[in-house]
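Residue 374 is where the sequence shown ends in full-length UniProt numbering, and the numbering goes up by one at each step. Have a look at the structure below before the remarks.
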Amino acid sequence: MRVRRAPAPAALELLYDLFFVAAVVVLSFGYSHDPTLANLAWIGMVFTLIWAVWVATTLVLNLLGRDSAIIRALVIGQILLLVVAVSAADGVYAHTMATGPLYSATLLLLAGIYYQAQRYKPELRSFSRIRIWACIVSAAVFAFSPWYPDPGYLVIWAVGLAILISPAFQSQGLDSLNVDIKKLAERLGVFTVIMLGESFVKTALTAAESQLISLEIECVVGASSIVLSIWWLYFANVPAEGEATGRATHRFWTLVHLPLHFAIAGIAVGATMAILPHSSHTNESNSTWTLVLSVVLVLVSLAAIELLAKEQDSLRTSVLFLSAASLALVFGAYSARQDYLDSKIATIILGVLMVAVAILEHFLRRPEEAPSLA
């Protein structure tokens, strides 16, 4: 009797990443056209919710090392529900009727993935059981979103999120479950690349909507320079840190990617508002501060990753990142005192800053020893 070969989950994970980024694009378009604090809180919460599901699914697929027809069906169903959930929101005061219950259904599918995981690998029974119950209880919290007050539901959603991620802080570590730490680091790296690609594509599509004049062209170059500099800085040392040992280190290393990914999406939003401010119904202050705060959040996240690396160059490199973040904040404050510079100029200046940081970071690191030819 022939046994069907169990495929590796790499293709499924890549599909999951691409659709997650599609959901992020939908969210970012919403804020570009309505850059208010209430909308920012809504987008930040929903981004965190779907990011938490992404991390949980990525981790369980990593532990399994394989997938099946049932798991593929559950993940694809999860993808569809996530995209529909963020697409259903047409405003911060008019979305809970659909978004909460859809996210609740997504959590039930995640519980199904955990159930299948413990069937395929009995050693995952303890790991999966507590997460199944966390998904079910959290799903119940989100299912009743239509009856929560607007916008006070965000507080209750935060409670549901805390329930969902609570198993990650239990005493049991992942080392005993033979998690592939190197592969997990690579997965987060691949996802970061896709997020950076989303930022570049969003900026390019915005630029293609109208005929650009000279300053707008430089603005596109500035936004692209920010994205490419982040790529350079992220991959300068992240793979080495990803192979470090220690449960707390890897837990925090994973969590610090949340603000990093959110900030990368914010750069795309800020660049969109700077290139075509009239089409995005915004003003110079919104676009400038969106870019400034996103760049600051990226630099602070990279500094945290550097400190986790615990290498000989980590301290001074993190000081460089934090110093650059301080300069970006000073620039934002100066821009505010000048009744806000043209946001296109702000984009160019921030692009120059990020390129300078990438160059300085390269020279700050001690060169690696050349391999011996003997």
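Just so you know, even glycine gets a beta-carbon here, dropped at the ideal spot from N, CA and C.
- DSSP places G351 within a helical segment (H, G or I) once states are collapsed to three.
- Within the model, the alpha-carbon separation for R316 versus A139 is close to 44 angstroms.
- C-alpha of L74 to C-alpha of L297: approximately 34 angstroms in a straight line.
- The C-alpha of V256 is placed about 16 angstroms away from the C-alpha of L59.
- Only residues of its own chain outside the window of five on either side were considered, and among them I156 have a CB closer than 6 angstroms to the CB of Y148, listed in chain order.
- Contact check for K202 against N62 fails: the beta carbons are separated by 8 angstroms or more.
- For P259, the uninterrupted alpha helix (DSSP H) run begins and ends at H257 to I275, by DSSP.
- Annotation: the continuous alpha helix (DSSP H) that includes V55 extends over L37 to L64.
- The alpha helix (DSSP H) runs lying completely inside the region 66-154 and spanning 4 residues or more are 69-88, 96-120 and 125-143, given in chain order.
- Rounded to whole angstroms, the gap between the alpha carbons of A263 and A134 is 28 angstroms.
- The C-alpha of T106 lies about 13 angstroms from the C-alpha of G160.
- As the crow flies, the alpha-carbon of A85 is around 45 angstroms from that of F363.
- In the structure shown, the three-state DSSP call for R365 is coil.
- F235 counts as exposed, since fewer than 16 other C-beta atoms from the protein chains shown sit within 10 angstroms of its C-beta.
- In the displayed model, D313 falls within coil according to three-state DSSP, outside both helix and strand.
- A check of alpha carbon separations from I305 across K121, M195, L260 and R131 identifies L260 as the nearest.
- Shown here, V319 sits in a helix according to DSSP, grouped into three states.
- Residues L196 of the same chain have their beta carbon placed closer than 6 angstroms to that of W231, with the five preceding and five following residues left out of the count.
- A residue is called buried when at least 16 other Cβ atoms come within 10 angstroms of its Cβ; V330 does not meet this threshold and is exposed.
- Between the alpha carbons of S318 and L327 lies a gap of roughly 14 angstroms.
- For D180, the three-state secondary structure derived from DSSP is coil.
- Minimum Cα-Cα distance from A265 among the listed residues A41, E198 and V221 corresponds to E198.
- Spanning the alpha carbons of V21 and R125 requires a straight line of approximately 31 angstroms.
- Annotated as proximal: V26 and S87, with beta-carbon spacing under 8 angstroms.
- Within the same chain, and ignoring the five residues on either side of A325 in sequence, the residues whose Cβ sits closer than 6 angstroms to its Cβ are V296, L299 and V300.
- DSSP places D342 outside both helix and strand once states are collapsed to three, so it counts as coil.
- Within the model, the alpha-carbon separation for I349 versus I359 is close to 15 angstroms.
- Straight-line measurement puts the Cα of A56 at about 35 angstroms from the Cα of L353.
- Around A52, the same chain offers L161, L164 and I165 as residues with beta carbons nearer than 8 angstroms, after the five sequence neighbours per side are excluded.
- About 6 angstroms separates the CB atoms of Y120 and L64; that is less than 8 angstroms, so the two are in contact.
- With fewer than 16 other Cβ atoms inside 10 Å of its own Cβ, E123 counts as exposed.
- CA-CA distance, I113 to S68, rounds to 10 angstroms.
- Taking 8 angstroms as the cut-off, the Cβ atoms of T347 and A271 count as close.
- Between L302 and L233, the C-beta gap is smaller than 8 angstroms, which places the two residues in contact.
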